[in-house]
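Okay, so the sequence shown: first residue is 336 according to our numbering, each after it adds one. What follows is a short report on a single structure.
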Amino acid sequence: MHLVQSLKHHIGLVVILLIYLTLATAHSLVVPLTTGNDEWAHFLYIRFIAEQGRLPATEAERTEAGYKSDAPPLYHLLVAATTAAIEPTHLLRPLDTPRRYLADNIVDSYAVVHTAVEQPPYRGEVLIWHLGRGLSILFGAILIGLTYLTSLQIFPADRRRALLSAALIAFMPALLFHSSVLSYESLSAVLTALFLLVALQTLKQPNRLRWWIALGALAGLSIATKYSAVLLPLEIIFIIWLSNQFEAKAKPQPTPQLTNPPTNKPTNSPTPQTLPTPQLYKLPNWQRILVAALAALIASGWWFGFVAWQFNTIDTQGPVVGLLQPLLVGDASDTTSVQVAGFLFGQETVANDARPPMPRNYPQLLRSFSESFWAAPVAGQFVSFLLPLGYSILALLALAGLWRVWRQSDRRIRLILSLLLVHTFLIVPLLLIRVLLSFDPREVAQGRHLLLPAASAMAILLVWGWDQWSSKLSWLAVGGLLLWTIIGQLGWAVAVYPPPIPVWPQPVMAAPAANSQGTTLVDGIKLIDVSHRTHSDALEVTLRWESLATIKADYLVELSLLDSAGNVIGYNLSQPVNGRYPTRAWEPGDTIEDTHLLPLLGDLRDNYRLQLRLLTRAGEVVPDTETPIDTVMLSTTAQPDPCAIWPPLDNWLNARPLRPDATFTVVSAEPPRLELGADEASTQNPFHSVGKFHTFLVGPDWPASAQFLSGDTDCGPLTFDIPPRNFTVPDIPQPLEANFNNEIKLLGYDLPARRIQPGQRLPLTLYWRGLAYMGEDYNLFANPLDHDQQRWGGYDRRPRDGYSTLRWVPGEVITDPFGIPIDANAPDGIYTIDLGFYRPTESGPESLPLFQDGHPIDQHSLRLGPVKIGGPPPGLTLTEVHPGFPV
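Shown next as structure tokens:
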């Protein structure tokens, strides 16, 4: 009964929490795994702890556990403990092999290939991931409740303000995002919000030892969750000063009114519950500091002790550097920490020197900060900048309102306001340091770094400030955030993110085949099932494939519906899953569900034959793949609009534009075309035409939009999502053409240094052009050879920092700068650089031949140079000169 009464008393908070939980759960289910900031790294850390039952204790284990495994582990330990009973079966496909980058045109190196294993029912790794997201959502709900309680702690009789503050946090798009993904952000926000609530209670009872212990413990736990809380101990010092100021003024106060009757505005004055109660015994400041420090040390010392014990380098770097460097540098993924360590200890003590910072564009950084403070990107893009700009202006208006509070209030109100402001902006010095020192300031200038550590204080301050202008302003702001969250964050995510690719890896079986075929079309591709469904104007055909081996070419699937005379009355041509999973991306054991939509044409009232063939990327029929697969009975009449494209782009606001390798079909008596630019050379004709069925294949060099014309009819624009590539040849210092296997063309090189010392790196930039879609992940070798053809250094690598040749497209220009390591024992002399490509095989590397006039020649590499290493070669320098013609 008491619980029911309490719920009725706080029914507004219950409604806010229910709305938040609904939105956050929906968002968690909609956005793909790895969408959150560093979410893949957080998962690897959690998975390692869940599998091993402990933290990674060696550098090799940290590498296995991901680049976040040197971060404080409290959140990861909690998630691992919550999911300990689940067997973490490895079902996900990280991008650890180049072939996987071909799926869905993936460009995010920290993502995974999103396959059908991510769909319900969840199991293994996927279940662990979603339970971890659920724990983050729970922390988000706790944060909302703490914001509500903190506001009531300051304004006990003003429930309206508490509800608005809680709603502001609950409905902010950024908080919805960060509290519904696998990340330590929500737990960190909960601990710092609880710290603020305890700080207010400490000001009321400054001589109660338990509050100082709680402050220290919460500071320590916050640091053990995320290093950004490292300044909370300084806030404790500030709280001690505030408590002294409150105690100096502590005396009975008249109870203020809850509202100002003439204006009906909420009062700025906290009630006496916020003020300290006079105590007979005053706890000395040194005791407050001591107990808080001990509590913080106990709460976080276990982590620092573990790092110091397991990862110290005292033997090589001494006690100070050897203990501090593992904490500051870790795996060197945080360039700011590396810069700080280099400044404190000297660059020679840092194993991985930080790269020089990128140029700073401060207006762009400010915009990025504003956007990421209020919301989170959806598929890498924010909504219109007008929304974050408008709310940033509202935030400045709230600050102006707080200035009015400051000017009109007594010292006690100012002290409480000071606590909220200090708590809000405590992290700003760290953010400024990171912006100045980080390699990429865009990684640091993110509003979440300010929002989440101070979420509760910030919400209270915003509502407090807006109330100075109008009591309706907060309602409007909160309502606008709710609409933004529903439409611009969650709704846009629903529209933009495609479902996982319908691929089941070998450990997870798809649903059993309904009409087993068992037809092997080419080596590695087996058709195991066919089903179809008839629509009024189209035939939907679902093929189920099995991958038997690695496939080195991309094939297009042609489906034709034929009448008794052999006329095509329905047609579709596309890569599997319409380009999202080309055959080069298939892995042995895969089961692929591949749905095609065939537009129909004519008055169709008979049985029709469904036929399948495979085509190459060039549109040529693959021999011996023509296969009749089904008979279809139709009773319909279809006359497609010549401006319609198949499959239809029926997604909301064209949120999923066509990507490279996707196809679309136009049914028209007159050949359609796309105008990619203003000149005639930019006209794109169909890739393949059969009768009135015309198919376009989206190319990697297409613009973001094109005008679609069917005959003389302007059908309007089509939009495309084309990942950035370079097709323009830059100025090349040393032009030199060489053709490797008719797949890769060297355009030239730049060898800026022709003299170098042993042990150094020889700078070299190569310029390549792709000539074909390649089925191999070729390695490039660049080896310095002396006059006896002996190798002295060099190394094998993928071009351009791991940009596999599997991902190159015809015509793409790749600029490839790197440094060739020279052996420290290389003898003085004149060297050449032996350059070429090879494919790794079980029997050893096979070098690619050079081609000339379209035919291979008996040469597998070329030489660049000459380059002088060290001093003159022995025997070349003359000690005496005897000129033949005296001058």
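Where is the CB? At the ideal position from N, CA and C, for every residue including glycine. Just so we're clear, the structure is a prediction, and the values are computed from it rather than from any experiment.
Check: Spatial neighbours of Ile-904 in its chain, beta-carbon cut-off 8 angstroms, leaving aside the 5 residues before and after; Outcome: Leu-896, Leu-897, Asp-898, Leu-935, Leu-936, Gly-937, Leu-939 and Tyr-943
Check: Simplified DSSP state of Trp-638, which is helix, strand or coil; Outcome: helix
Check: Three-pair Cβ contact test at 8 angstroms for the region 523 to 534 versus the region 543 to 561; Outcome: yes
Check: Supposed contact pair Leu-553 and Ala-794 - C-beta distance, whole angstroms, cut 8 angstroms; Outcome: With a Cβ gap of about 19 angstroms, Ala-794 and Leu-553 do not count as contacting.
Check: Length-filtered (3 minimum) beta strand (DSSP E) runs lying within the region 723 to 758; Outcome: none
Check: Where Lys-807 sits in the DSSP three-state scheme; Outcome: helix
Check: Sequence-distant residues of the same chain with beta carbon closer than 8 angstroms to Leu-1011, five excluded per side; Outcome: Ser-1017, Thr-1018, Gln-1019, Trp-1037, Pro-1038 and Ala-1041
Check: Assigned secondary structure, His-1023 (DSSP; H/G/I helix, E/B strand, else coil); Outcome: strand
Check: Closest by C-alpha distance to Leu-785, when choosing among Thr-759, Ile-1168 and Arg-545; Outcome: Thr-759
Check: Collapsed DSSP secondary structure at Lys-539 in the structure displayed; Outcome: helix
Check: Contacts around His-344, its chain only, beta-carbon distance under 7 angstroms, and the 5 residues preceding and following it disregarded; Outcome: none
Check: 8 angstroms Cβ cutoff met for Phe-1043 and Leu-1009; Outcome: yes
Check: Asp-488 in three-state terms, based on DSSP; Outcome: Checking the displayed sequence, the identity of residue 488 turns out to be Gln instead of Asp. Here Gln-488 sits in helix by DSSP.
Check: Chain-order list of residues whose beta-carbon lies under 7 angstroms from that of Ser-486 (same chain, five-residue window excluded); Outcome: Arg-496, Ala-497, Ser-500 and Ile-795
Check: Simplified DSSP state of Asn-913, which is helix, strand or coil; Outcome: helix
Check: Residues bridged to Asp-1169 (per DSSP); Outcome: Asn-1118 and Arg-1198
Check: Same chain only: Cβ atoms within 7 angstroms of Ala-714, ignoring 5 sequence neighbours per side; Outcome: Val-831 and Tyr-832
Check: Whole-Å CB distance - Leu-618 paired with Tyr-483, under 8 angstroms assumed; Outcome: Their Cβ separation, rounded to whole angstroms, is 30 angstroms, which puts Leu-618 and Tyr-483 out of contact at 8 angstroms.
Check: C-alpha distance - Phe-720 paired with Leu-737, whole-angstrom precision; Outcome: 26 angstroms
Check: Assigned secondary structure, Phe-999 (DSSP; H/G/I helix, E/B strand, else coil); Outcome: strand
Check: Cutoff 6 angstroms; reference Gly-1146; Cβ partners in own chain excluding five residues on either side; Outcome: Phe-1062
Check: Limits of the unbroken alpha helix (DSSP H) element including Leu-1097; Outcome: No alpha helix (DSSP H) holds Leu-1097; the beta strand (DSSP E) holding it covers 1096 to 1105.
Check: Contained beta strand (DSSP E) runs [length at least 3] in the region 864 to 952, N- to C-terminal order; Outcome: 873 to 882, 891 to 897, 903 to 909, 926 to 934 and 937 to 950
Check: Limits of the alpha helix (DSSP H) - the one that Ile-1155 falls within; Outcome: Looking at the DSSP string, Ile-1155 is not in any alpha helix (DSSP H); the run it does join, the beta strand (DSSP E), is 1148 to 1156.
Check: Length of the line joining the Cα atoms of Leu-932 and Arg-952; Outcome: 20 angstroms
Check: Own chain partners of Ala-1161 with C-beta closer than 6 angstroms, once the 5 adjacent residues on each side are dropped; Outcome: Pro-1093, Trp-1127 and Ile-1204
Check: Per DSSP, the bridge partner or partners of Phe-530; Outcome: Its beta-bridge partners do not exist; DSSP assigns none.
Check: CA-to-CA distance, Val-350 to Leu-817, given in whole angstroms; Outcome: 13 angstroms
Check: Entirely enclosed beta strand (DSSP E) segments - the region 431 to 515, minimum 3 residues; Outcome: none
Check: Burial state of Asn-595, where buried means 16 or more other Cβ atoms lie within 10 Å; Outcome: The pLDDT assigned to Asn-595 is 40, lower than 50, so where the model puts this residue is not dependable; a value taken from the coordinates is nonetheless given after this. It is exposed - the Cβ of Asn-595 has fewer than 16 other Cβ atoms within 10 Å.
Check: Element boundaries [beta strand (DSSP E), containing Tyr-1084]; Outcome: 1079 to 1085
Check: Paired residues, beta bridge with Val-1055 - DSSP; Outcome: As written in the sequence, residue 1055 is Phe, which differs from the Val given in the question. Paired residues: Leu-993.
Check: Beta-carbon proximity list for Val-1202, same chain, < 6 angstroms, skipping 5 on both sides; Outcome: Arg-1089 and Tyr-1166
Check: Arg-1226, enclosing alpha helix (DSSP H) - first and last residue; Outcome: The displayed coordinates of the chain run from 336 to 1222. Any statement about residue 1226 would go beyond what the structure contains.
Check: Helix, strand or coil at Met-793 according to DSSP, with G and I counted as helix; Outcome: helix
Check: Under 8 angstroms between C-beta atoms of Val-516 and Thr-370; Outcome: yes
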